[in-house]
Amino acid sequence: MTVLLMTLGILVVAVGIILSIALHEIGHLVPAKLFKVRVTQYMVGFGPTLWSKRRGETEYGVKAVPLGGYVAMIGMYPPPEQDAGTDAQGSEAQGSDAPDDGPTDPYLREIGAQYADPDRPGTQDQPGAQDGPGTVPGSADAGDAPVRTVSSQSTGLFQQMSAEAREVAAEELQPGDEDRMFHRLPVWKRIIIMLGGPAMNGLIALVLTAGMITVHGTAEPNTQVREVYECVVSAEAADAGQTACTDDDPAGPAYEAGLRPGDEIVAYGGQEVEDWEELTGLIRDSAGASTPVEYVRDGERHSTALTPILTERPVLDGLGRVERDGDGALVTEPVGFIGMGAEQELVRQPAWEAGPMVWTQSKAVLEVVANLPVRLYDVAVSTFTEAERDPDGPLSVVGVGRIAGELSVQDEIPLESRFASLISLIAGVNVALMVFNLIPLLPLDGGHVAGALYEAFRRRLARLFGRPDPGPFDISRLLPLTYVVAGMLLVMGLLLIYADIVNPIRLFG
3 MTVLLMTLGI
13 LVVAVGIILS
23 IALHEIGHLV
33 PAKLFKVRVT
43 QYMVGFGPTL
53 WSKRRGETEY
63 GVKAVPLGGY
73 VAMIGMYPPP
83 EQDAGTDAQG
93 SEAQGSDAPD
103 DGPTDPYLRE
113 IGAQYADPDR
123 PGTQDQPGAQ
133 DGPGTVPGSA
143 DAGDAPVRTV
153 SSQSTGLFQQ
163 MSAEAREVAA
173 EELQPGDEDR
183 MFHRLPVWKR
193 IIIMLGGPAM
203 NGLIALVLTA
213 GMITVHGTAE
223 PNTQVREVYE
233 CVVSAEAADA
243 GQTACTDDDP
253 AGPAYEAGLR
263 PGDEIVAYGG
273 QEVEDWEELT
283 GLIRDSAGAS
293 TPVEYVRDGE
303 RHSTALTPIL
313 TERPVLDGLG
323 RVERDGDGAL
333 VTEPVGFIGM
343 GAEQELVRQP
353 AWEAGPMVWT
363 QSKAVLEVVA
373 NLPVRLYDVA
383 VSTFTEAERD
393 PDGPLSVVGV
403 GRIAGELSVQ
413 DEIPLESRFA
423 SLISLIAGVN
433 VALMVFNLIP
443 LLPLDGGHVA
453 GALYEAFRRR
463 LARLFGRPDP
473 GPFDISRLLP
483 LTYVVAGMLL
493 VMGLLLIYAD
503 IVNPIRLFG
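Put into structure tokens, the structure is as follows:
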């Protein structure tokens, strides 16, 4: 039964992640089609294609490695500036009475020979790539029409990579694609397309979180006593693993006052209390003062008095996690403390509370991303040494699957709560996908958005100073950086997968 539950939990999360990836790509696909961009492929996964079907002009498919996906759009790279400039100069030199040689876009000039009337002069016996260095297959005849070649400046590896990427993109073009290329869209439309994926992940996280908190509820502490501590162990000692009392530890005020597990505190300091947040606020503010407490035990109301101890206690963030400083030490604050823990109950929340919860998660993920090099270093140290792994550090899909399996076999947790935890885990993965994809580096979505914003900025700057329009920004120039970032992402993924196998994060010890 344990193996079955673990397998089921892993499958639920795995299917949830794959569906999240598929919906992320739909977030790109839908606005691209609405803006009339020709989309050639919609694929979930990488590697060999397991299944595909063409509908209209788009091939939809599933690939073997479900660790991502992509939407292929034509015209991702603009034509080379040299060609575009040469073409513009040539058009001006010809004058209005010159014959029409076809589209002015260098990409579209390339495909003219492939699809033109075979009886038209200059369209037969076109030279191919083998005819000379830099000649593009299907380019115009070398006689009178211009020949598109690799830029004369493409002498270095980086320039050659950019030129080859543009040539590969040109091979996908067909007649009628003049106004359907991605780079010809206004900047705001390109930004909408690229933000569609992260926005979809954010929406998934909101929907799953809203469903979880309205149907199942969230665990909230109440005023019933769950445990009473005989002594008050310092925050640093507890963090170091101390569980037993020592002679130096002060006695617990709640224990000395006679409170025991199962008691329900109904009044503190003469004030009726209804929830844990109100009670803890009163306790924290009454350090050193003898305070009357009323509680219910076995249906009868009793009273006692206690004096909260002023002690350093850990500071918790919005997710209820202990905060730490840059050195990894606990962040504490002096508050009143009586040495007791509260029972928890499921409380259903209104759907609109999902927004603040997802926002809090997003800030936590953003903090991890901002310190990613340090976090990855810590993961490497804990993986290859005996150092303890940070439970709040980054995970791979393997780590997420292990947590899902671990959650599924906890018999002390009700079955419906385990399922709700899996849904919450999938929602958290979507938050991570949303934030991570917004990093302004190619090949991530945020990198394309950054390129579009840079293009808008330089065009506005040119208008401001009365300069010629610089045209679209050629992101193919950033391909070397893209390959470096992709390589780093691959190394990061392999490190995290290995760490999650040999030194996984465990929620239950």
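Under this note's numbering, the first residue of the sequence shown is numbered 3, with each subsequent residue one higher.
For glycine and all other residues, C-beta sits at the position ideal for the given N, C-alpha and C.
{"Item": "Anyone know if the C-beta pair for G290 and L308 falls short of 9 Å?", "Value": "no"}
{"Item": "Please confirm whether A256 and V230 have their CB atoms less than 9 Å apart.", "Value": "yes"}
{"Item": "First and last residue of the alpha helix (DSSP H) that includes A501?", "Value": "L481 to V504"}
{"Item": "Cβ atoms of G11 and S410: under 9 Å apart, would you say?", "Value": "yes"}
{"Item": "Provide the residue(s) that pair with T220 in DSSP beta bridges, ordered along the chain.", "Value": "V349"}
{"Item": "Among residues of its own chain, excluding the 5 on either side of Q351, which ones have a beta-carbon nearer than 8 Å to its beta-carbon?", "Value": "I215, T216, G219 and T220"}
{"Item": "Looking at the strands, I want to know which residues DSSP matches up with A307.", "Value": "P294"}
{"Item": "Taking D250 as the reference, give the member of D392, V234 and A259 with the closest Cα.", "Value": "V234"}
{"Item": "Quick check on the burial criterion: 16 or more other C-beta atoms within 10 angstroms. Buried or exposed for R323?", "Value": "exposed"}
{"Item": "My output table needs one value for I267: the three-state DSSP class, helix, strand or coil.", "Value": "strand"}
{"Item": "Under a three-way DSSP split, which group does M436 fall into?", "Value": "helix"}
{"Item": "How do the region 464 to 483 and the region 435 to 454 stand: do at least 3 beta-carbon pairs fall below 8 Å, yes or no?", "Value": "yes"}
{"Item": "Do you know offhand how far G495's Cα is from V486's?", "Value": "14 Å"}
{"Item": "With burial defined as no fewer than 16 other Cβ atoms inside 10 Å of the residue's Cβ, what is the status of T225: buried or exposed?", "Value": "buried"}
{"Item": "Kindly give me the distance between the Cβ atoms of G2 and R286, rounded to whole angstroms, as I take these residues to be in contact under 8 Å.", "Value": "The requested residue 2 is not part of the displayed model; the chain covers only 3 to 511."}
{"Item": "By Cβ distance, which residues of its chain are closer than 8 Å to E445, with the 5 residues on each side in sequence left out?", "Value": "The question names Glu, yet the displayed sequence has Pro at residue 445. Answer for P445: T484, V487 and A488, listed in chain order."}
{"Item": "Suppose you measure from the CA of S423 to the CA of I20; what does that come to, to the nearest Å?", "Value": "18 Å"}
{"Item": "For A464, does the three-state DSSP call read helix, strand or coil?", "Value": "helix"}
{"Item": "By DSSP, does Y456 sit in helix, in strand, or in coil?", "Value": "helix"}
{"Item": "Could you tell me the alpha carbon to alpha carbon distance between V370 and S292, rounded to whole angstroms?", "Value": "43 Å"}
{"Item": "For T248, does the count of other Cβ atoms within 10 angstroms reach 16, so buried, or fall short, so exposed?", "Value": "exposed"}
{"Item": "For a quick check, are the C-beta atoms of A366 and D319 less than 9 Å apart?", "Value": "yes"}
{"Item": "Could you tell me which whole alpha helix (DSSP H) segments of length 4 or greater appear in the region 358 to 421?", "Value": "374 to 386 and 399 to 410"}
{"Item": "Roughly how far, in whole angstroms, is the beta-carbon of G198 from the beta-carbon of G301, given that I think they are within contact range, below 8 Å?", "Value": "Rounded, the Cβ-Cβ distance is 58 Å, inconsistent with contact."}
{"Item": "Between Q43, I193, P33 and N203, which lies nearest to S364 when the distance is taken from Cα to Cα?", "Value": "N203"}
{"Item": "Just verifying my parser: in three-state terms, what is the DSSP assignment at L312?", "Value": "strand"}
{"Item": "Below 8 Å CB to CB, which residues in the same chain sit around G453 once its five sequence neighbours on both sides are set aside?", "Value": "L444, F475, I477 and L480"}
{"Item": "On the CB-based measure, 16 or more other CB atoms within 10 Å of its CB, does K55 come out buried or exposed?", "Value": "exposed"}
{"Item": "In or out: I503 buried (at least 16 other Cβ within 10 Å) or exposed?", "Value": "exposed"}
{"Item": "For L455, I'd like the list of residues in its chain whose CB is within less than 8 Å of its CB, leaving aside the five on either flank, ordered along the chain.", "Value": "V189 and I193"}
{"Item": "Could you spell out the range, first to last residue, of the beta strand (DSSP E) harbouring A74?", "Value": "T60 to M75"}
{"Item": "Please report the Cβ distance between V298 and V333, rounded to the nearest whole angstrom; I am assuming they are in contact, meaning their Cβ atoms lie under 8 Å.", "Value": "Not quite, the Cβ-Cβ distance comes to about 36 Å (not below 8 Å), so this is no contact."}
{"Item": "Return the chain-ordered list of same chain residues with a C-beta closer than 8 Å to the C-beta of G403, the five sequence neighbours on each side being excluded.", "Value": "I12, V15 and A16"}
{"Item": "Applying the 10 Å Cβ sphere with the 16-neighbour rule, what's the burial state of S93?", "Value": "Unreliable positioning characterises S93 in this predicted model, as indicated by a pLDDT of 35, which lies under 50. A coordinate reading is not provided."}
{"Item": "How about V64 and L52: are their beta carbons less than 9 Å apart?", "Value": "yes"}
{"Item": "Find the nearest neighbour of L509 within the set G283, K191, V227 and D394, judged by alpha-carbon distance.", "Value": "D394"}
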